[in-house]
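Chemist: Handing you a structure now.
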Amino acid sequence: MAHVKPYSLFTEFDINLFKAGKHFRLYEKFGSHLVTVDGIEGVYFAVWAPSAKQVSVIGDFNYWMEGEHQLNVRWDSSGIWEGFIPLVEKGAIYKYKIQSHHNDVKTEKADPYARRCEHPPKTASIVWDDNYKWKDSSWMKKRKKNNAIDAPFSVYEVHLGSWKKNVEENRFMSYHELADDLVNYVKEMNFTHVELMPIMEYPYDPSWGYQLTGYFAPTARYGYPEEFKYLVDKLHQNDIGIILDWVPSHFPEDAHGLGFFDGTHLYEHPDRRKGYHQDWKSLIFNYERNEVRSFLISNAIFWLDQYHADGLRVDAVASMLFLDYSREDGEWEPNIYGGRENLAVIDFLKQLNEEVYASFPDVQTIAEESTAFPMVSKPTFMGGLGFGMKWMMGWMHDTLEYFKKDPIYRKYHHNDYI
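In terms of UniProt numbering, the sequence shown is residues 1 to 418.
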């Protein structure tokens with residue numbers, strides 16, 4: 001077995017915050033980080049797997065041999081496995097081999113905090129760090145004005161893989177290749193913002209990115225992380241804001257993803273009535289678990305911090321809010337008050353918005369919410385969920401249905417908007 005040096009980026013304070021669900025920059029600790037220890041360059045790895053018996057890093061640097069580089073479990077019952085592996089370099093490809101205490105189940109998992117992933121259909125993580133030099137200081141200084149609730153706000157929604165392709169080479173265009181064309185089109189059409197359908201890594205093309213496996217990595221379909229930063233930078237240099245579609249509502253069951261991560265229901269709720277989405281055949285986060293809240297809110301902060309996003313459109317909020325969403329009688333359990341509202345989700349969304357606006361008061365969180373749930377965009381101190389805006393899916397559907405009707409009959413449907 002090769003040597004894994006005991007080393008940690010975590011302080012006792014970090015651990016306490018993580019356990020309490022109040023650590024919102026976990027990307028600075030978890031994952032793979034290029035560091036120098038005792039004059040030796042290498043990579044520090046850290047992963048949360050509290051039900052693991054053994055965790056190894058397997059990769060192209062050790063011929064994917066299990067047990068060659070075993071991580072050390074922390075002594076503080078945090079469930080974190082960590083260690084420094086000398087001489088591993090940027091660009092190294094890796095996964096975690098996790099052996100569970102439960103029936104000795106073994107899984108090979110991508111790093112939940114990886115900054116870069118392999119190009120699908122490959123599923124491993126890549127050690128990465130970039131030194132991108134931002135040139136959007138002018139936009140960032142005036143973002144508070146341009147991004148305000150009462151500012152002009154017209155949004156162009158884009159799925160990068162569908163918007164333009166390199167037809168001659170039958171491939172996706174890169175973030176870098178798309179930048180100029182997207183900027184020119186948005187300026188010509190007088191939009192103030194671009195909203196990108198999910199660009200975080202995902203395995204299944206037809207999902208349009210709504211089933212994520214790499215929450216901290218821009219999808220490799222369109223290039224490197226630096227190239228995505230270039231695209232954001234280019235938009236900002238042309239006074240165009242960027243909103244990212246963000247999916248904290250569910251995730252797929254793919255073997256390399258978050259599901260059954262350490263042989264237990266670690267990220268997903270263990271009760272299928274709360275942990276499985278029947279429509280999308282996907283898993284639902286356990287919002288009752290503090291460490292999961294820290295993971296999700298850290299992810300939201302990450303895209304605002306590291307990629308200068310100007311807002312997050314939070315996907316499928318309605319599916320999160322209601323315990324009986326798309327479920328028949330007997331398929332859901334009422335909350336402690338006998339109601340259908342998911343109280344843990346309400347608490348999570350309030351916490352999310354409070355933390356986002358505390359750290360980035362000049363961005364917007366936008367709820368994609370299709371029901372009549374009250375006070376979605378009211379501040380939390382007034383009893384609301386705290387979103388800055390609401391993506392009016394219900395209004396959109398009603399409007400499309402209205403215009404589908406023969407004009408002579410539309411006057412009978414004006415009440416649909418009341």
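C-beta atoms are modelled at their ideal positions from N, C-alpha and C, and glycine is treated no differently.
1. Tell me, please, which residues DSSP counts as bridged to Pro86.
2. Excluding the 5 residues preceding and the 5 following Tyr188 in the sequence, name in chain order all residues of the same chain whose CB lies nearer than 8 Å to its CB.
3. Assuming contact is defined by CB atoms lying nearer than 8 Å, are Glu291 and Leu321 in contact in what I supplied?
4. Only counting the same chain, and skipping five residues up and downstream in sequence, which positions put a Cβ closer than 8 Å to that of Met375?
5. Between residue 426 and Pro6, what straight-line distance do the alpha-carbon atoms span, to the nearest angstrom?
6. Would you call Pro198 buried or exposed, if buried means 16 or more other Cβ atoms sit within 10 Å of its Cβ?
7. Mind listing, in chain order, the continuous beta strand (DSSP E) runs of no fewer than 3 residues lying wholly within the region 322-384?
8. If you drop the 5 nearest sequence neighbours on each side, which residues of the same chain put their C-beta closer than 8 Å to that of Lys19?
9. According to DSSP, which residues form a beta bridge with Gly214?
10. What's the gap between the Cα of Glu118 and the Cα of Gly214?
11. Report yes if the C-beta distance between Pro112 and Arg221 is below 8 Å; otherwise report no.
12. Between which two residues does the beta strand (DSSP E) containing Arg313 stretch?
13. State the start and end residues of the unbroken beta strand (DSSP E) segment that holds Thr192.
14. Tell me the DSSP secondary structure of Ala151 in three-state form.
15. Terminal residues of the continuous beta strand (DSSP E) containing Lys106?
16. Closer than 8 Å, CB to CB, is Thr213 near chain B or not?
17. Check each candidate in Glu89, Asn62 and Val194 and name the one with the smallest Cα separation from Ile126.
18. How long is the line joining the alpha carbons of Val57 and His159, rounded to whole angstroms?
19. Closer than 6 Å by C-beta to Phe228: which residues in its own chain qualify, once you throw out the five before and the five after it? Chain order, please.
20. Starting from Arg171, follow its DSSP beta bridges and name the residues at the other end.
21. Where Glu368 and Gly311 are concerned, what is the direct C-alpha to C-alpha distance, given to the nearest angstrom?
22. Can you check the region 206-272 for any beta strand (DSSP E) of at least 3 residues that lies completely inside it and give the ranges in chain order?
23. May I have the straight-line CA-CA distance separating Gln278 from Ile93, to the nearest angstrom?
24. With a threshold of 6 Å on Cβ separation, who are the neighbours of Asn299 within its own chain once the five nearest residues in sequence on each side are excluded?
25. Nearest CA to the CA of Tyr96: which residue from Leu87, Pro86, Asn103 and Trp81?
26. I'd like to check one pair, Leu34 with Asp129: are the Cβ atoms closer than 8 Å?
27. Pull up the CB-CB distance for Asp245 and Asp150, whole angstroms please, since I reckon it's below 8 Å.
28. With a cut-off of 8 Å on the beta carbons, I'd call Ser154 and Thr264 a contact; round off their distance for me.
29. Whole angstroms is fine: what's the gap from Arg116's alpha carbon to Asn103's?
30. DSSP on Ser138, reduced to helix/strand/coil?
31. Taking the runs of the beta strand (DSSP E) that are 3 residues or longer, which of them lie wholly in the region 19-81?
32. Relative to the C-alpha of Ala179, which residue among Asn238, Leu296 and Tyr210 is closest?
33. Tell me which residue opens and which closes the alpha helix (DSSP H) that Tyr402 is part of.
34. Can you look up Phe13 in the DSSP assignment and give me helix, strand or coil?
35. What are the boundary residues of the beta strand (DSSP E) that Ile93 is part of?
36. What are the boundary residues of the alpha helix (DSSP H) that Arg410 is part of?
Modeler: Based on what the coordinates show:
1. Locating residue 86 in the sequence shown gives position 86, where the first residue counts as 1. Gly42.
2. Walking along the sequence shown from the start, residue 188 turns up at place 188. In the sequence under discussion, the amino acid at residue 188 is Glu, which differs from the Tyr named in the question. Contacts found: none.
3. In the sequence shown, the residue the question calls residue 291 occupies position 291. In the sequence shown, the residue the question calls residue 321 occupies position 321. In this structure, Leu321 does not lie closer than 8 Å to Glu291 by Cβ.
4. Sequence index remark: in the sequence shown, residue 375 carries index 375 (1-based). These residues qualify, in order along the chain: Met382, Gly383, Gly384 and Leu385.
5. There is no way to answer for residue 426, as the model of the chain reaches only from 1 to 418.
6. Stepping through the sequence shown from its first residue, residue 198 is reached at position 198. Pro198 is buried by the Cβ-count criterion.
7. 364-369
8. The residue labelled residue 19 in the question sits at position 19 within the sequence shown. Answer for Lys19: Ser78, Asn290 and Glu291, listed in chain order.
9. Position 214 of the sequence shown, counting from 1, holds the residue named residue 214. DSSP, once it has assigned bridges, lists Glu201 as partnering Gly214.
10. Numbered from its first residue, the sequence shown carries residue 118 at position 118. Numbered from its first residue, the sequence shown carries residue 214 at position 214. When rounded, the distance between both Cα atoms is 10 Å.
11. On the sequence shown, residue 112 is found 112 positions in, with the first residue counted as 1. On the sequence shown, residue 221 is found 221 positions in, with the first residue counted as 1. No, these two residues do not count as a Cβ contact at 8 Å.
12. Reading the sequence shown from its first residue, position 313 is the one you call residue 313. Gly311 to Val314 is the extent of the beta strand (DSSP E) around Arg313.
13. Stepping through the sequence shown from its first residue, residue 192 is reached at position 192. Looking at the DSSP string, Thr192 is not in any beta strand (DSSP E), and its letter there is neither H nor E.
14. What you label residue 151 is simply residue 151 of the sequence shown in a count that begins at 1. It is coil, neither helix nor strand.
15. Locating residue 106 in the sequence shown gives position 106, counting from the first residue. Per DSSP, Lys106 belongs to the beta strand (DSSP E) from Lys106 to Lys109.
16. Looking for chain B here will not work: only one protein chain is present.
17. Position 126 of the sequence shown, counting from 1, holds the residue named residue 126. When only C-alpha atoms are compared, the closest one is Glu89.
18. For the purposes of this step, residue 57 is identified with residue 57 of the sequence shown, where counting begins at 1. For the purposes of this step, residue 159 is identified with residue 159 of the sequence shown, where counting begins at 1. Distance between the alpha carbons of Val57 and His159: 34 Å.
19. As a working mapping, residue 228 is identified with position 228 in the sequence shown. If we look at Phe228 and ignore the five residues flanking it on each side, its Cβ neighbours are Tyr175 and Pro218.
20. As a first step, residue 171 must be located in the sequence shown, where it is residue number 171. Per DSSP, Asn166.
21. Here residue 368 corresponds to residue number 368 of the sequence shown, with the count starting at 1. Here residue 311 corresponds to residue number 311 of the sequence shown, with the count starting at 1. Distance between the alpha carbons of Glu368 and Gly311: 13 Å.
22. 214-218 and 241-246
23. For the purposes of this step, residue 278 is identified with residue 278 of the sequence shown, where counting begins at 1. For the purposes of this step, residue 93 is identified with residue 93 of the sequence shown, where counting begins at 1. Spanning the two alpha carbons is a distance of roughly 34 Å.
24. Counting from one through the sequence shown, the residue named residue 299 turns up at place 299. The residues are Tyr215.
25. Taking the first residue of the sequence shown as 1, we reach residue 96 at position 96. Ranking the options by Cα distance to Tyr96, first place goes to Trp81.
26. Numbered from its first residue, the sequence shown carries residue 129 at position 129. Numbered from its first residue, the sequence shown carries residue 34 at position 34. Against a cut-off of 8 Å, the Cβ pair of Leu34 and Asp129 comes out as a contact.
27. Taking the first residue of the sequence shown as position 1, residue 245 is located at position 245. Taking the first residue of the sequence shown as position 1, residue 150 is located at position 150. Contact doesn't hold; Cβ gap of about 24 Å is too wide.
28. The residue labelled residue 154 in the question sits at position 154 within the sequence shown. The residue labelled residue 264 in the question sits at position 264 within the sequence shown. About 46 Å separates the two Cβ atoms, so there is no contact after all.
29. Counting from 1 along the sequence shown, the entry for residue 116 is found at position 116. Counting from 1 along the sequence shown, the entry for residue 103 is found at position 103. Roughly 32 Å separates the two Cα atoms.
30. Locating residue 138 in the sequence shown gives position 138, where the first residue counts as 1. In the structure shown, Ser138 sits in a helix (DSSP, three-state: H, G or I).
31. 31-37, 40-48 and 52-59
32. Within the sequence shown, residue 179 is the residue found at index 179, counting from 1. For the residues Asn238, Leu296 and Tyr210, the minimum Cα distance to Ala179 belongs to Asn238.
33. As a first step, residue 402 must be located in the sequence shown, where it is residue number 402. Met393 to Lys404 is the span of the alpha helix (DSSP H), which, as asked, contains Tyr402.
34. As a working mapping, residue 13 is identified with position 13 in the sequence shown. Helix at Phe13.
35. As a first step, residue 93 must be located in the sequence shown, where it is residue number 93. Counting along the chain, the beta strand (DSSP E) containing Ile93 begins and ends at Ile93 to Ser100.
36. To locate residue 410, count along the sequence shown from 1; it is residue 410. Residues Pro407 to Arg410.
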